[in-house]
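2 protein chains.
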Amino acid sequence: MRPTVYDIAAAAGVSLATVDRVLNRRPGVRLVTREKVEAAIRDIGYVRDVAAANLAKGRVYPLVFILPTGDNSFMHGLYTEVRQAMTRSTFERTAIQIVEVPAFHAPALVAALDALQGMDLAGVALVATDAPDVRAAVDRLVAERIPVVTLVSDLTGSTRHHYAGVDNIAAGRTAARLLGRFLGGRKGDITVLAGSMLVRDHRERLEGFASVMAAEFPQLRLLPVLEGRDDPEIANALVSEALSGNSDIIGIYSLGAGNRGLIRALNATRQARDLTVVVHELTEHTRAALQNGTIDAVLNQDAGHEVRSAVRVMKATADGQDVIAGQERIRLDIFLKDNLP
Amino acid sequence: MRPTVYDIAAAAGVSLATVDRVLNRRPGVRLVTREKVEAAIRDIGYVRDVAAANLAKGRVYPLVFILPTGDNSFMHGLYTEVRQAMTRSTFERTAIQIVEVPAFHAPALVAALDALQGMDLAGVALVATDAPDVRAAVDRLVAERIPVVTLVSDLTGSTRHHYAGVDNIAAGRTAARLLGRFLGGRKGDITVLAGSMLVRDHRERLEGFASVMAAEFPQLRLLPVLEGRDDPEIANALVSEALSGNSDIIGIYSLGAGNRGLIRALNATRQARDLTVVVHELTEHTRAALQNGTIDAVLNQDAGHEVRSAVRVMKATADGQDVIAGQERIRLDIFLKDNLP
DNA sequence: AAATTTCTGATTTACGTACATCAGAATTCG
DNA sequence: CGAATTCTGATGTACGTAAATCAGAAATTT
Numbered sequence: 078m079r080p081t082v083y084d085i086a087a088a089a090g091v092s093l094a095t096v097d098r099v100l101n102r103r104p105g106v107r108l109v110t111r112e113k114v115e116a117a118i119r120d121i122g123y124v125r126d127v128a129a130a131n132l133a134k135g136r137v138y139p140l141v142f143i144l145p146t147g148d149n150s151f152m153h154g155l156y157t158e159v160r161q162a163m164t165r166s167t168f169e170r171t172a173i174q175i176v177e178v179p180a181f182h183a184p185a186l187v188a189a190l191d192a193l194q195g196m197d198l199a200g201v202a203l204v205a206t207d208a209p210d211v212r213a214a215v216d217r218l219v220a221e222r223i224p225v226v227t228l229v230s231d232l233t234g235s236t237r238h239h240y241a242g243v244d245n246i247a248a249g250r251t252a253a254r255l256l257g258r259f260l261g262g263r264k265g266d267i268t269v270l271a272g273s274m275l276v277r278d279h280r281e282r283l284e285g286f287a288s289v290m291a292a293e294f295p296q297l298r299l300l301p302v303l304e305g306r307d308d309p310e311i312a313n314a315l316v317s318e319a320l321s322g323n324s325d326i327i328g329i330y331s332l333g334a335g336n337r338g339l340i341r342a343l344n345a346t347r348q349a350r351d352l353t354v355v356v357h358e359l360t361e362h363t364r365a366a367l368q369n370g371t372i373d374a375v376l377n378q379d380a381g382h383e384v385r386s387a388v389r390v391m392k393a394t395a396d397g398q399d400v401i402a403g404q405e406r407i408r409l410d411i412f413l414k415d416n417l418p
Numbered sequence: 078m079r080p081t082v083y084d085i086a087a088a089a090g091v092s093l094a095t096v097d098r099v100l101n102r103r104p105g106v107r108l109v110t111r112e113k114v115e116a117a118i119r120d121i122g123y124v125r126d127v128a129a130a131n132l133a134k135g136r137v138y139p140l141v142f143i144l145p146t147g148d149n150s151f152m153h154g155l156y157t158e159v160r161q162a163m164t165r166s167t168f169e170r171t172a173i174q175i176v177e178v179p180a181f182h183a184p185a186l187v188a189a190l191d192a193l194q195g196m197d198l199a200g201v202a203l204v205a206t207d208a209p210d211v212r213a214a215v216d217r218l219v220a221e222r223i224p225v226v227t228l229v230s231d232l233t234g235s236t237r238h239h240y241a242g243v244d245n246i247a248a249g250r251t252a253a254r255l256l257g258r259f260l261g262g263r264k265g266d267i268t269v270l271a272g273s274m275l276v277r278d279h280r281e282r283l284e285g286f287a288s289v290m291a292a293e294f295p296q297l298r299l300l301p302v303l304e305g306r307d308d309p310e311i312a313n314a315l316v317s318e319a320l321s322g323n324s325d326i327i328g329i330y331s332l333g334a335g336n337r338g339l340i341r342a343l344n345a346t347r348q349a350r351d352l353t354v355v356v357h358e359l360t361e362h363t364r365a366a367l368q369n370g371t372i373d374a375v376l377n378q379d380a381g382h383e384v385r386s387a388v389r390v391m392k393a394t395a396d397g398q399d400v401i402a403g404q405e406r407i408r409l410d411i412f413l414k415d416n417l418p
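Residue numbers (our numbering), protein chains in the order written: chain A, 78 to 418; chain B, 78 to 418.
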């Protein structure tokens with residue numbers, strides 16, 4: 078049988094009340110007594126029954142998700158998953174609130190973060206825009222002992238507790254190898270479509286992509302990056318223009334969102350050309366394009382996993398518990414037309 | 078606030094004892110009263126607090142994992158993950174027992190399954206060998222209201238509650254497309270190394286592989302399947318022989334375990350030939366081979382996820398609860414040298 | 001209608017923890 | 001050394017559910 082607080086009391090030769098004071102860091106215990114209790118806890122290997130504790134406390138975990146607005150399917154999916162998590166709130170003892178901020182806009186994000194100060198939250202998850210101000214605002218929350226998790230895009234250099242997202246450098250490298258090998262030795266130009274170089278995930282994907290391209294596929298030439306701001310309309314315009322202006326393009330890597338526009342541009346010229354295309358994020362549009370051959374591979378991060386992982390990590394961090402590392406690694410999914418879920 | 082048993086009692090106009098009798102299917106309640114209570118439960122949207130119930134019951138979930146013996150890294154990994162799950166037993170209220178049976182041996186598996194009859198388990202997970210007897214034995218357990226989950230290899234046609242593993246047809250198809258596209262139009266022979274055609278997962282992988290190969294890569298010819306019984310030694314011998322006897326082989330698909338032997342065979346002839354190789358299961362050996370270029374892609378199923386998912390599903394099934402479907406889908410991981418974890 | 005049998009209600013204890021209160025012990029201070 | 005302060009113990013209630021007991025009510029049988 079698992080040891081309980083009574084066993085601690087017996088082992089340490091103190092009363093239950095004292096054990097409780099030690100366990101819950103309440104005042105009124107002499108140092109020597111406290112150490113005696115702590116020794117007993119270690120000796121008998123006591124671990125608090127979190128379920129029972131939460132029941133007694135009537136605890137709920139107030140969590141905030143700060144999400145960027147944006148008219149692209151990936152963000153819609155992320156919202157959906159957070160709302161799904163909300164429907165599980167009663168079971169999971171969470172109280173989830175969504176805060177919307179404009180995409181790629183650091184000041185708004187900072188304001189949103191600062192508004193959370195002093196709110197006694199069990200955790201904050203945010204899609205980080207990479208800027209020093211944001212880093213500082215995150216650090217302020219962490220200093221208040223609020224668990225902070227970055228979602229989708231990380232904020233290295235900050236003191237955030239955890240990052241729930243894929244390794245974007247690896248994603249870029251993988252995209253490069255897929256594209257390079259699928260092109261099988263052909264020579265030509267590669268166009269890269271990004272959302273914005275202001276977010277770390279996009280920068281990292283590009284970095285990984287470019288490095289593998291340079292090192293292993295010298296016959297492929299990288300064209301200057303197109304910034305589509307994750308907006309389908311802009312993406313469509315940029316890609317259409319690029320394709321009509323350069324007949325040497327044989328491959329496209331779209332590392333951001335807004336692929337609806339890219340696909341429209343591709344369909345307009347597809348008959349005429351033989352393009353190999355690798356994109357990010359599985360949505361209804363990219364799925365259809367993968368199935369009909371417009372796209373050759375989709376790299377994906379499972380938004381549902383990211384959200385569930387973020388929730389688990391925030392709860393565990395709030396309780397000072399540790400997590401199952403392997404379970405919280407967000408994996409890069411690679412979809413070909415054959416392994417679509 | 079979430080409704081409790083007291084709310085049910087008040088809403089139905091009965092006592093707490095009666096509510097308890099209905100909730101826990103205890104006798105001594107008239108049909109009309111029972112229906113009144115059940116109506117109240119639905120009306121106020123009561124859901125049992127499983128944590129509190131488990132606390133009151135002192136419930137533990139006795140689970141059995143039936144695993145095949147075998148000297149290959151994938152099975153070692155599976156064992157390791159189940160043992161990891163055992164270390165979490167106190168937190169998760171599980172009591173996990175491992176039963177070992179010889180691999181690819183249906184009668185032993187049947188005996189192991191039948192030995193579990195009448196044992197009042199909260200769940201049984203097994204790596205299924207595909208045979209009618211096994212199906213029947215599984216059905217017997219299910220008939221006893223014991224949750225049964227197949228792991229890694231499924232048992233369609235049986236009444237098992239859940240399958241915790243990848244879609245193996247999709248895996249085979251994916252392997253075919255990767256191999257076909259990586260070979261970029263070259264013409265030649267493809268060798269397939271399997272473990273045994275007695276297990277469903279291997280048959281399905283082959284089926285998926287062959288169908289995409291035939292439909293989309295007619296320039297590649299499939300050689301007869303080599304059966305290595307997931308044993309490194311046998312695999313080594315078979316592949317070495319095949320390679321020395323046929324100089325047209327340009328691709329290899331290894332859909333089972335025992336890749337240690339395959340890699341040894343490859344290293345012996347690697348200088349001389351240009352082979353594209355796709356294998357299953359990420360182990361220390363396949364990882365190293367992927368990194369040094371001996372292997373081009375590894376398809377993987379995450380044993381840790383499979384085990385954790387199996388545990389979650391068995392517990393939920395035992396409680397008559399439902400699971401988060403997306404969370405329990407075991408995904409096919411595709412690893413290139415760039416996205417190794 | 002009386003005697004059974006079957007239901008139902010009221011009440012209590014328990015699970016492991018949190019938290020509050022109050023009395024008494026130990027320690028420190030003046 | 002007594003008073004003030006700080007620590008510790010004893011005890012009770014609560015969280016939401018399970019499970020047991022016993023008395024009394026309702027339904028059924030004779």
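C-beta atoms are modelled at their ideal positions from N, C-alpha and C, and glycine is treated no differently.
Quick caveat: nothing in here was measured; it's all calculated off a predicted structure.
- Of all C-beta pairs linking the region 136-151 of chain A to the region 186-205 of chain A, three or more are shorter than 8 Å, placing the two stretches in contact.
- By the criterion of a C-beta distance shorter than 6 Å, L315 (chain B) is surrounded in its chain by L303, G305, once the five residues flanking it on both sides are discounted.
- Here G328 (chain A) really is in contact with L256 (chain A); their C-beta atoms are around 5 Å apart, less than 8 Å.
- A271 (chain A) is not a Cβ neighbour of N313 (chain A), given a cutoff of 8 Å.
- Segment contact: the region 154-166 of chain B against the region 376-390 of chain B, three or more CB-CB distances shorter than 8 Å; contact assigned.
- Within the same chain, Cβ atoms closer than 8 Å to the Cβ of V96 (chain B) are found at V82, I85, A86, A89, V114, the five residues on either side in sequence being excluded.
- L300 (chain A) places its beta carbon less than 8 Å from that of I267 (chain A).
- For the C-beta of D410 (chain B), the chain A residues within less than 7 Å are, from N- to C-terminus, R408.
- In the three-state reduction of the DSSP assignment, H238 (chain B) falls in the coil class, being assigned neither a helical nor a strand state.
- Counting C-beta pairs closer than 8 Å gives fewer than three between the region 238-250 of chain A and the region 360-369 of chain A, which falls short of the contact rule.
- Within the region 267-346 of chain B, the alpha helix (DSSP H) runs of at least 4 residues that lie entirely inside it are, in chain order, 277-293, 309-322, 336-346.
- Straight through space, the alpha carbons of R337 (chain B) and L190 (chain B) are spaced by roughly 31 Å.
- Closest by C-alpha distance to I173 (chain A), out of A:V400, A:V354, A:K392, is A:K392.
- Between Y330 (chain B) and A213 (chain B) the beta-carbon gap is near 33 Å, outside 8 Å, which marks them as no contact.
- G262 (chain A) reaches chain B at G261, counting residues in chain order whose Cβ is nearer than 8 Å.
- Counting along the chain, the unbroken beta strand (DSSP E) around Y138 (chain B) starts and ends at 138-145.
- Listed along the chain, the chain B residues whose CB falls inside 8 Å of the CB of L359 (chain A) amount to none; the nearest CB is some 12 Å away.
- Chain order gives the chain B residues near T251 (chain A) as L413, D415, N416, where near means a beta carbon separation below 7 Å.
- For D399 (chain A), DSSP records no beta bridge to any residue.
- By the neighbour-count criterion, in which a residue is buried when 16 or more other Cβ atoms sit within 10 angstroms of its Cβ, V109 (chain A) is exposed.
- Bounds of any beta strand (DSSP E) do not take in V106 (chain A), whose DSSP letter is neither H nor E.
- Shown here, A199 (chain B) sits in coil according to DSSP, grouped into three states, outside any helix or strand.
- Check the Cα spacing between V229 (chain A) and each of A:L193, A:E358, A:D396, A:R298: the tightest is with A:E358.
- Burial is judged here by how many other beta carbons sit within 10 angstroms of a residue's own beta carbon; I175 (chain A) has fewer than 16 and is exposed.
- Taking the Cα of E158 (chain A) as reference, the smallest distance to any Cα among A:M196, A:D379, A:R263 is reached at A:D379.
- Per the Cβ contact rule, the region 398-416 of chain A is not in contact with the region 97-104 of chain B (fewer than 3 Cβ pairs under 8 Å).
- F168 (chain B) is not bridged by DSSP to any residue.
- Residue nearest to H279 (chain A) within the set A:I311, A:V243, A:Q296 is A:V243 (criterion: CA-CA distance).
- In the DSSP assignment, N131 (chain A) falls within the unbroken alpha helix (DSSP H) covering 127-134.
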